[in-house]
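Just so it is clear: in the sequence shown, position 166 is 166 by the UniProt record's numbering, and no numbers are missing. In this text, a Cβ means the ideal position worked out from N, Cα and C, and glycines have one as well. Keep in mind that this is a model prediction, so the values were computed, not measured. This report concerns only the one structure given below.
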Amino acid sequence: MLLFPASSPARPFTRLALWALAALALAAGGLPWARLASAATTTPYPIMFVTQVPVRADFTTIGAVFGNHHADIQSATRGGDLWIRYPNGTLKNLTAAAGYGSAGQQGANAIAVRDPDVYWDGSKAVFSMVIGAPTKQYQVSTFYWQLYEITGLGVNDTPVITKVPRQPATFNNVSRIYGTDDRIIFTSDRPRNGAAHLYPQLDEYELAPTNSGLWSLDPANGNLRLLNHAPSGDFTPIIDSFGRVLFTQWDHLQRDQQADADAMGTNTYGTFNYSDESAGAARLNDRTEIFPEPRSTRTDLLAGTNLAGHSFNQFFPWQINEDGTDSEVLNHLGRHELHGYIAGARTDDTNVIEYYGQY
1 MLLFPASSPA RPFTRLALWA LAALALAAGG LPWARLASAA TTTPYPIMFV TQVPVRADFT
61 TIGAVFGNHH ADIQSATRGG DLWIRYPNGT LKNLTAAAGY GSAGQQGANA IAVRDPDVYW
121 DGSKAVFSMV IGAPTKQYQV STFYWQLYEI TGLGVNDTPV ITKVPRQPAT FNNVSRIYGT
181 DDRIIFTSDR PRNGAAHLYP QLDEYELAPT NSGLWSLDPA NGNLRLLNHA PSGDFTPIID
241 SFGRVLFTQW DHLQRDQQAD ADAMGTNTYG TFNYSDESAG AARLNDRTEI FPEPRSTRTD
301 LLAGTNLAGH SFNQFFPWQI NEDGTDSEVL NHLGRHELHG YIAGARTDDT NVIEYYGQY
C-alpha cells in the first residue's frame with residue numbers, strides 16, 4: 001500500500017495496480033523482469049505492508065476466501081508485523097519500533113497484523129491487530145482483531161500506535177479503510193444489532209462463522225452504522241476515484257444445503273428453525289424454507305412443478321455510498337456477465353434456456 005500525498009488523484013487506482021503487480025510478480029517466479037523489478041532501489045513513495053506467518057490450512061483461516069476474520073492462533077498465526085519501505089529502500093518494522101510484538105516464542109505479547117490503510121495525507125494509517133497468544137499448553141483464550149492507528153511514519157520518527165476508540169470491542173474488526181469524512185469503514189462479525197445470542201453469524205454455505213457486512217464508525221463519538229448487512233459476508237472494501245465504496249459480497253441466494261441433506265436423510269447436521277430471533281426463541285421441529293425455490297437436489301419438492309431447481313452462489317463486486325445508500329452490483333453488471341453458466345429456471349417454457357456464454 002502506498003503513502004500518497006493528499007493531492008494525488010491516482011491514489012485509489014495505483015493501490016489496485018500495486019496489488020496487481022504484486023500478484024504478477026508472485027506468478028512470474030524467476031522471470032528476468034521480476035528479478036529486475038526486485039532489484040530497484042528507489043520508489044516514488046514509501047510502501048506500507050505487513051508480514052504474516054503462513055497458515056497451511058485454507059478453510060476459514062486468514063488466507064481463505066471466506067471466514068478469514070478469525071483471530072485464534074489456528075486461523076492467524078502470531079509473529080507478523082507492520083512494516084514500511086522508504087523510497088531509498090530502507091525498511092522499518094513499525095510495530096516493533098512502537099513496542100509491539102515479540103521475538104522467539106510467541107506468548108502474551110505476540111501479535112499478528114493485517115489490512116493497513118493509509119490516511120489521505122499520508123500522516124497516519126489504520127490497520128487490524130490481534131495481541132496475545134496462549135502462554136501454556138492447553139490454555140484456552142479468546143482473541144479478537146481490533147482496529148489500531150499508527151502515527152510517526154517518517155524515517156526519523158518513533159511510531160506511536162493507539163487503539164481506535166469506541167469500536168466494537170468483543171468482535172473481529174478487519175478490512176478497514178478511511179472514509180472521505182474521517183469515518184472508518186470496515187467489516188466486522190458483530191451481529192446487526194449487537195445481540196450476543198446472535199453471535200457468531202453463520203454463512204449460508206458451510207454454516208461457518210462469517211462477518212456480518214460493511215460497517216462505518218466515527219471514532220470521535222462512537223457513532224456506528226451498518227452500511228450493508230450481508231448474510232454470508234462482505235470483503236475487502238476500497239474507495240475508488242468516484243468516491244464509491246467498492247467491495248466483494250458473497251451472494252449465496254439458495255436454500256440451505258445442510259438442511260436439504262438432513263431432509264433427504266443423507267447426513268445429520270441437526271438443522272432446525274427458530275420461532276424468531278429473540279434470546280428466548282423456541283426451537284421448532286421444522287426446517288421449512290419458502291424462498292428461494294428448491295435446489296435441484298430436492299427432487300421431492302420439485303416433483304410436479306415447472307421448476308428446474310435453483311442454485312446461486314457467487315462472489316460479486318458491489319458498490320455503495322459511504323452513507324450506506326444506493327447499494328448495487330458494480331456498474332449495473334448482470335450475473336450473466338460474471339458467471340459462465342446459468343441453468344434454465346423452468347421446465348415448461350422452451351423460451352427459457354440455459355446460458356453458457358452464447359450471448
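A direct Cα-Cα distance of roughly 31 Å separates residue 192 from residue 108.
Exposed is the label assigned to residue 59, since fewer than 16 other Cβ atoms lie within 10 Å of its Cβ. In the DSSP assignment, residue 149 falls within the unbroken beta strand (DSSP E) covering 146-151. Rounded to whole angstroms, the Cβ separation of residue 153 and residue 126 is 12 Å, and the two are not in contact under 8 Å. Just measuring C-alpha positions, the residue of 307, 358, 296, 264 sitting nearest residue 349 is 307.
Following the DSSP letters along the chain, one finds residue 336 in no beta strand (DSSP E) but inside the alpha helix (DSSP H) bounded by residues 335-338. In terms of Cβ geometry, residue 72 and residue 50 do not form a close pair [threshold 8 Å]. Between residue 320 and residue 224, the gap from beta carbon to beta carbon reaches 8 Å or more. In terms of Cα proximity to residue 124, the closest of 79, 199, 48 is 48.
Nearest neighbour of residue 131 by Cα position, chosen from 314, 102, 120, turns out to be 102. Around residue 177, the same chain offers 117, 185, 237, 238, 239 as residues with beta carbons nearer than 7 Å, after the five sequence neighbours per side are excluded. Fully enclosed beta strand (DSSP E) runs of no fewer than 3 residues occupy 146-151, 160-163, 173-178, 184-188 of the region 137-200, in order along the chain.
Apart from the 5 residues on each side of it in sequence, residue 296 sits with its Cβ closer than 8 Å to the Cβ of 302, 308, 309, 310, 311, 343 in its chain, given in chain order.
According to DSSP, residue 49 shares a beta bridge with 83. The beta carbon of residue 275 sits closer than 7 Å to those of 281, 282, 284, all from its chain and outside the five residues before and after it, given in chain order. Within the model, the alpha-carbon separation for residue 292 versus residue 114 is close to 37 Å. Judged by DSSP in its simplified three-state form, residue 301 adopts helix. Between residue 289 and residue 198, the CB-CB gap reaches or exceeds 8 Å. Taking the C-beta atoms as reference points, residue 217 is found no nearer than 8 Å to residue 208. In this structure residue 53 is exposed. Its beta-carbon is surrounded by fewer than 16 other beta-carbon atoms within 10 angstroms. The continuous stretches of alpha helix (DSSP H) do not include residue 240, and DSSP gives it neither H nor E. Looking at the DSSP output, residue 111 sits in a beta bridge with 131. One alpha carbon belongs to residue 249, the other to residue 331, and they sit about 14 Å apart. About 16 Å separates the CB atoms of residue 269 and residue 254; that is not less than 8 Å, and the two are not in contact.
Our two residues, residue 55 and residue 79, have alpha carbons roughly 12 Å apart in a direct line. Non-local C-beta neighbours of residue 88 in its own chain, meaning closer than 8 Å and more than five positions away in sequence, comprise 41, 42, ordered along the chain. Out of 230, 273, 357, the CA that lies nearest to the CA of residue 328 is found in 230. Straight through space, the alpha carbons of residue 226 and residue 232 are spaced by roughly 15 Å. Closest in C-alpha terms to residue 188, from the list 99, 74, 169, comes 169.
Secondary structure of residue 268 (DSSP, three-state): coil.
Here residue 129 is buried, its C-beta having at least 16 other C-beta atoms within 10 Å. If you compare the alpha carbons of 334, 299, 323, 260 with that of residue 180, the shortest gap goes to 323. As computed with DSSP, residue 116 is found in no beta bridge at all.
Ranked by Cα distance from residue 241, the first of 120, 142, 95 is 120. The DSSP-derived three-state label of residue 331 is helix.
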